[in-house]
Every structure is written in C-alpha cells, then in structure tokens.
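Visitor: Dropping the structure in here first, questions after.
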Amino acid sequence: MNRAAEWPIAEGYVAQIEETRDENGFLKVTLAYTYKVQNKRFVGRETFTFSRDDEAARFEAGCKHRSVRVHYRPEKPQVSVLQRRELG
C-alpha cells in the first residue's frame, strides 16, 4: 500500500496546468496546486503522462479551476501528493 494514502488530507486547488512532450512523444500534463496546512500555504506539482492527446485534453479539462484533495506528510507538510482517485 502507498504510504502517502495514510497521510492527512488538506483541501487544495489546481492553480496551473502545463503541457510538455517527452522524447517518446508522450504528452505530460503537470498540475500545480496550492493547499493550506495550519494556515500556511504550500504549492505542489504532480505530472501525469498520456499516450493519447485526446485523453490528456479530457484530463486537463476536468482539472481546470477545481478543488483537489491533497495528502501531505505530517512532519514535512511541503511534501504532498494528489489524491488520484478523484482525478480524471
């Protein structure tokens, strides 16, 4: 089991979405998100890889300007991952 799944959850917001292509032609979509822990704001980034452009476009459309749930490391809250089952 992924240890991050056991970390506390904070409410976050997708602030920016970036697209790049890797050397194999796969589209990489990076979500930059913000979240607060004990009134301190943090920024995280997570990248998702797609083999098909239409799947990437659908994913991006679903992520724009939306709330997300963020798992953060309790002893180091600047370390975080998105709760993936809500994305897509």
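Numbering-wise, the sequence shown is residues 82 to 169 according to the working numbering.
Virtual Cβ for every residue (Gly too), placed ideally from N, Cα, C.
#1: Considering just the uninterrupted stretch of the beta strand (DSSP E) at Q91, what are its terminal residues?
#2: Would you check if the distance between the CB atom of S161 and the CB atom of V151 is smaller than 8 Å?
#3: Tell me whether G93 is buried or exposed, calling it buried when 16 or more other Cβ atoms sit within 10 Å of its Cβ.
#4: According to DSSP, is E141 part of a helix, a strand, or is it coil?
#5: Drop a sphere of 10 angstroms on the beta-carbon of G125, count the other beta-carbons inside from all chains shown, and report buried for 16 or more, exposed for fewer.
Guide: Checking against the coordinates, here is how it stands:
#1: Inspection of the sequence shows that residue 91 is occupied by Ala rather than by Gln. It spans 90-102 - the beta strand (DSSP E) in which A91 sits, taken as one unbroken run.
#2: yes
#3: buried
#4: helix
#5: buried
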